[in-house]
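Taking it in order: structure first as structure tokens, then the write-up.
There are 2 protein chains.
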Amino acid sequence: MAKEFVKELTSQAEDFSQWYIDVILKTQMADYSCVRGCMNIRPYGYALWENIRDAMDKRFKATGHVNAYFPLFMPESFLKKEAEHVEGFAPEVPWVTHVGNEPLTERLAIRPTSETIICAAYAEWIQSYRDLPVLINQWANVVRWEKRTRLFLRTSEFLWQEGHTAHRTEDEAREETMKMLEVYRECCETELAMPVMCGRKTEKEKFAGAVETYSIEALLKDGNALQAGTSHFLGQNFAKPFGIKFLDEDNTEKFVWQTSWGVSTRLVGGVVMTHGDDSGLIMPPRIAPTQVVIIPVFKDDSKTLVLEEAARICAELEAIGVRVKCDAREEFRPGYKYNEWEMKGVPLRVEIGPKDIEKGHVVMVRRLDREKAFVPRAELSVRIPEALARLQKDLLEAARKRQVEQTTEVATLDELAEALEKKRGFFWAGWDGSAETEAAVKERTKASIRNIPFEGSEPTAGMLDLVSGKPAKHRVLFARAY
Amino acid sequence: MAKEFVKELTSQAEDFSQWYIDVILKTQMADYSCVRGCMNIRPYGYALWENIRDAMDKRFKATGHVNAYFPLFMPESFLKKEAEHVEGFAPEVPWVTHVGNEPLTERLAIRPTSETIICAAYAEWIQSYRDLPVLINQWANVVRWEKRTRLFLRTSEFLWQEGHTAHRTEDEAREETMKMLEVYRECCETELAMPVMCGRKTEKEKFAGAVETYSIEALLKDGNALQAGTSHFLGQNFAKPFGIKFLDEDNTEKFVWQTSWGVSTRLVGGVVMTHGDDSGLIMPPRIAPTQVVIIPVFKDDSKTLVLEEAARICAELEAIGVRVKCDAREEFRPGYKYNEWEMKGVPLRVEIGPKDIEKGHVVMVRRLDREKAFVPRAELSVRIPEALARLQKDLLEAARKRQVEQTTEVATLDELAEALEKKRGFFWAGWDGSAETEAAVKERTKASIRNIPFEGSEPTAGMLDLVSGKPAKHRVLFARAY
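If you read the protein sequences in the order shown, they are chains B and D.
The opening residue of the first sequence carries number 2 in my numbering; numbering runs sequentially from there.
The opening residue of the second sequence carries number 2 in my numbering; numbering runs sequentially from there.
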């Protein structure tokens with residue numbers, strides 16, 4: 002029965018990209034909208050995003066940040082104030098030129114990110130050292146017009162959060178940059194069960210306008226990397242053109258030091274590609290829109306008995322905070338429902354029929370491996386949360402193990418190119434720090450340096466650059482990326 | 002001391018509009034942005050909006066709705082599909098004509114509301130009666146370019162939610178329209194302590210594209226009305242041009258019946274103008290960003306004692322779910338802090354000094370009327386929630402009483418015009434149902450029919466239209482509105 006349903010999805014081995022599109026569309030997480038490059042995030046996908054958002058938001062607040070909201074538009078003159086920034090974003094920016102039939106005197110860009118709009122506000126808000134630090138986050142939609150799009154991973158409009166902080170000292174801003182990267186790492190691992198590599202981006206890959214960019218990089222099931230979040234140390238690159246100054250305790254005027262950091266709806270795609278299998282999605286319990294689905298199994302004569310018991314179990318689990326659904330639809334047979342909820346990736350399924358009631362137990366099935374257990378009815382409110390916690394742990398461990406297996410080391414560009422033809426993944430290699438090597442690798446293999454990891458980037462004795470053959474400055478992580 | 006601080010705000014009696022701007026700016030709820038007509042919602046204002054949003058969202062989910070997200074843009078051809086709709090919104094719509102340096106083949110409108118985008122998706126999603134009802138809500142930013150703006154009440158970009166539902170039958174859609182209006186009423190009264198009048202909009206005032214529009218109308222302290230939320234029965238006005246059809250159980254193809262409904266960040270302005278006084282904001286406890294502020298009062302020798310006790314109280318209140326802040330800043334004196342938090346409208350203030358500790362009590366002061374009570378330390382965790390609940394109730398009652406006092410009845414246009422010169426408010430009057438009367442009243446007094454209330458709209462015996470003198474069809478509510 003499960004097999005029959007699975008036929009609707011392309012298998013991962015056959016065509017991973019097609020599997021991804023199939024599973025997103027068929028589980029109704031999202032679909033393509035009438036506007037090129039934009040998607041409709043459907044309720045099931047949005048519920049996952051809401052849970053990711055809430056998990057992140059809780060952490061931002063616990064680290065002293067508050068939310069605010071800034072305009073969607075920025076005047077052209079603002080965007081141009083930071084030279085690298087405008088160069089990086091201008092080609093992808095949509096321009097508003099008219100309202101109704103009236104032309105605007107200055108055309109307006111739709112925000113690709115809000116540094117310039119927010120810096121204009123900060124220049125007004127910040128006057129004294131007493132006004133610092135400013136620790137603000139914004140949840141918003143942004144637009145970067147993309148030529149090639151992929152649901153959740155790369156769309157012309159997407160939802161994200163962008164933290165924008167201003168500090169009195171460089172040290173404090175650098176500390177904030179690192180703190181938020183760590184919040185991202187911890188949240189991705191704890192909540193999304195998605196292990197990531199933390200490190201610094203190369204000059205070539207850093208954010209337009211930043212002094213330094215740090216990233217968390219996930220490795221998906223197909224061996225492609227996903228830049229899952231970035232944290233930027235902006236130095237005074239924006240403070241100076243926007244005039245964000247404060248009177249310090251020593252009575253001198255100084256520019257603030259800034260950071261910005263963001264994660265987006267692409268995390269939803271990351272979750273799908275980290276855990277999903279040929280039967281569909283697998284939702285990590287902590288962020289699963291539905292954690293447990295109850296399937297009552299009955300015939301005419303046992304219907305009332307079973308449905309009432311299923312409703313009681315549902316209410317009991319709800320009462321202890323489990324996100325649970327009872328699928329009592331009569332037009333579908335249990336097998337059909339099992340498959341549907343498996344495709345939707347619900348972590349645990351509880352089956353209950355008249356015989357189970359007689360025996361005083363239920364059948365509990367894990368989505369991950371279809372492991373089956375008979376759970377005494379009286380123990381459900383303990384065993385279900387336990388099973389959810391164990392599944393969360395198992396998913397993270399499985400992803401970690403896979404990441405290790407997909408990570409190898411190469412010494413030369415030839416080796417990298419050959420390896421990539423067989424199997425994608427993370428590739429450690431020596432790098433002399435030159436842009437030439439980055440370009441040569443990209444040109445031949447489409448791989449880029451994902452980051453210079455915090456751990457393991459010290460070159461081993463005698464390590465050479467994989468292209469130039471010069472002594473390696475860093476040991477870095479190459480991969481093809483979404 | 003309180004007086005001194007208040008001097009910074011224009012008094013309500015002197016100039017209510019200026020008081021409103023003063024209080025929004027000085028409490029840092031919002032300010033004007035660099036883009037004309039758009040505002041920066043600052044953290045304090047956003048925190049209030051977050052609480053309103055969460056209170057609404059909880060109710061939407063409890064009534065079976067789910068959230069989703071649709072694109073910011075719509076192709077010009079889509080906006081034009083419903084004739085009245087495009088006519089109503091086209092003059093305020095910003096147009097995107099270019100991306101980077103490339104002109105678009107079809108220009109894109111930025112959503113003023115999402116009926117057309119969402120209907121295009123529903124036409125794909127809905128095939129069978131089994132797909133119905135669709136009960137979706139979206140939290141999003143929308144843009145309606147405004148000539149005259151006012152912080153929160155009328156800005157070119159604003160945040161809102163828009164529910165969009167599709168149903169099998171007309172009855173079901175009508176029931177949904179009413180259900181959501183009632184959700185709005187209940188939420189505004191319970192959470193915002195803002196009483197509203199529920200009723201049907203006239204033909205002239207209804208939503209562009211709706212069959213019928215219903216509204217909740219608040220009456221603010223200055224006697225101006227605020228349309229605080231609307232719920233539209235769309236009939237099949239969108240279903241037909243967008244082709245949203247389903248195969249019904251009887252095997253015939255039918256068009257769906259639709260509703261849409263929305264509230265926005267203007268509710269923040271409503272809260273400010275419903276409760277605020279000459280000392281500043283008054284936040285209803287249920288949605289107050291901070292419900293209780295603790296002010297430790299100490300000298301050098303009592304500092305440790307008092308600060309430690311204040312921190313303990315803070316932790317205790319937090320533990321029972323009270324949103325509490327301890328203001329331990331040493332650079333400001335207690336009086337300064339009292340005034341600052343009064344202006345910010347924090348419902349309760351707790352003062353604690355060495356003598357209070359000795360006596361085993363704290364001083365609790367209500368923002369509303371500065372009522373002062375000595376509360377035994379041991380009773381705090383009971384008395385504080387009680388005091389918050391009582392204040393919430395008192396605020397609603399005070400607003401209700403004020404609304405009654407500001408509501409009168411007039412028989413003729415002359416009477417209405419004279420009354421409005423003295424004092425604004427709600428004015429009951431007879432209406433013959435004609436657009437001519439509406440136009441004549443608007444022309445002379447700037448007042449409009451806010452709605453035809455569900456209660457009290459039956460004309461009394463012999464009641465006449467206030468302009469035409471013809472027999473009244475309805476007894477309706479006139480007011481000047483924001």
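Using N, Cα and C, we set each Cβ at its ideal position, and we do this for glycine too.
Here the structure is a predicted model, which is why all the values come from computation and not from measurement.
(1) Assuming contact is defined by CB atoms lying nearer than 8 Å, are residue 232 of chain D and residue 178 of chain D in contact in what I supplied?
(2) Going by DSSP in three states, residue 405 of chain B sits in which element: helix, strand or coil?
(3) For residue 139 of chain D, report the span of its beta strand (DSSP E) as first-last.
(4) Figure out for me which residue from B:15, B:35, B:48, B:16 has the closest Cα to the Cα of residue 28 of chain B.
(5) Using three-state DSSP, classify residue 1 of chain B as helix, strand or coil.
(6) So which of B:217, B:9, B:467 has the shortest CA-CA distance to residue 456 of chain B?
(7) Using 8 Å as the limit for Cβ to Cβ distance, is residue 99 of chain D near chain B?
(8) Compare the C-beta of residue 109 of chain B against all C-beta atoms of chain D and say whether one is closer than 8 Å.
(9) Just checking my contact of residue 104 of chain B with residue 145 of chain B at CB under 8 Å: how many whole Å lie between their CB atoms?
(10) Using DSSP's beta-bridge definition, name the partner residues of residue 218 of chain D.
(11) For the beta strand (DSSP E) containing residue 476 of chain B, list its first residue and its last residue.
(12) Strictly under 8 Å for the Cβ-Cβ distance: is residue 129 of chain B near chain D by that measure?
(13) Quick one, which residues of the stretch 309 to 320 of chain D are near chain B if we go by CB-CB under 7 Å, in chain order?
(14) If you reduce the DSSP assignment to three classes, tell me which class residue 2 of chain D lands in.
(15) Kindly list, in the order they appear in chain B, the residues whose Cβ is closer than 8 Å to that of residue 67 of chain D.
(16) Can you tell me whether DSSP reads residue 278 of chain D as helix, strand or coil?
(17) Near residue 35 of chain D, what residues of its chain come up, given a Cβ to Cβ distance below 6 Å and the 5 sequence neighbours on each side ignored?
(18) Using the three-state DSSP reduction, which class does residue 327 of chain D fall into: helix, strand or coil?
(19) Taking only beta-carbon atoms, is residue 118 of chain B less than 8 Å away from chain D?
(20) In chain D, which residues lie less than 8 Å from residue 41 of chain B when you measure between Cβ atoms?
(21) Tell me, to the nearest whole angstrom, how far the beta carbon of residue 90 of chain B is from that of residue 209 of chain B; I am working on the premise that it is less than 8 Å.
(22) Is the beta carbon of residue 399 of chain B less than 8 Å from the beta carbon of residue 225 of chain B?
(23) Compare the C-beta of residue 87 of chain B against all C-beta atoms of chain D and say whether one is closer than 8 Å.
(24) Taking buried to mean at least 16 other C-beta atoms within 10 Å of its own C-beta, is residue 383 of chain D buried or exposed?
(25) Taking 8 Å as the threshold (beta carbon to beta carbon), is residue 158 of chain B in contact with chain D?
(26) Which of the three DSSP states is assigned to residue 181 of chain D in this structure?
(27) Would you mind telling me which residues of chain B sit closer than 8 Å to residue 34 of chain D, beta carbon to beta carbon, in chain order?
(28) May I ask you to list, following chain order, the residues of the stretch 262 to 290 of chain B that have a beta carbon less than 8 Å from some beta carbon of chain D?
(29) At 8 Å on the CB atoms, spell out the chain D contacts of residue 137 of chain B, in chain order.
(30) If the cut is a Cβ gap below 7 Å, which residues of chain D does residue 177 of chain B touch?
(31) By how many angstroms is the C-alpha of residue 152 of chain D removed from the C-alpha of residue 506 of chain D?
(32) Just to confirm, is the Cβ distance from residue 283 of chain B to residue 323 of chain B under 8 Å?
(33) Would you identify the three-state DSSP class for residue 74 of chain B, choosing helix, strand or coil?
(34) My assumption, with CB atoms under 8 Å, is that residue 84 of chain D sits in contact with residue 94 of chain D. Please give the rounded CB distance.
(35) Look at the Cβ atom of residue 237 of chain D, then the Cβ atom of residue 262 of chain D, and state whether they are nearer than 8 Å.
(36) If we count Cβ pairs, one from each stretch, closer than 8 Å, do we get three or more for the stretch 285 to 303 of chain D versus the stretch 69 to 89 of chain D?
Considering the structure as presented:
(1) yes
(2) helix
(3) 135 to 144
(4) B:48
(5) One cannot answer for residue 1 of chain B here, as it falls past the ends of chain B, which runs 2 to 483.
(6) B:217
(7) yes
(8) yes
(9) With a Cβ gap of about 25 Å, residue 104 of chain B and residue 145 of chain B do not count as contacting.
(10) D:198, D:228
(11) 475 to 480
(12) no
(13) none
(14) At residue 2 of chain D the pLDDT is 36, less than 50, meaning the model places this residue with poor confidence; the figure from the coordinates comes in the next sentence. Coil, per DSSP.
(15) 44, 47, 48
(16) strand
(17) none
(18) strand
(19) yes
(20) 69, 70, 71, 72, 122
(21) 6 Å
(22) no
(23) no
(24) exposed
(25) yes
(26) helix
(27) 71, 72, 118, 121, 122
(28) none
(29) 44
(30) The contacting residues do not exist; residue 177 of chain B stays about 17 Å from chain D at best.
(31) Because chain D in this structure spans residues 2 to 483, residue 506 of chain D falls outside the shown range and cannot be described.
(32) no
(33) strand
(34) Incorrect: roughly 15 Å between the Cβ atoms, too far for contact.
(35) no
(36) no
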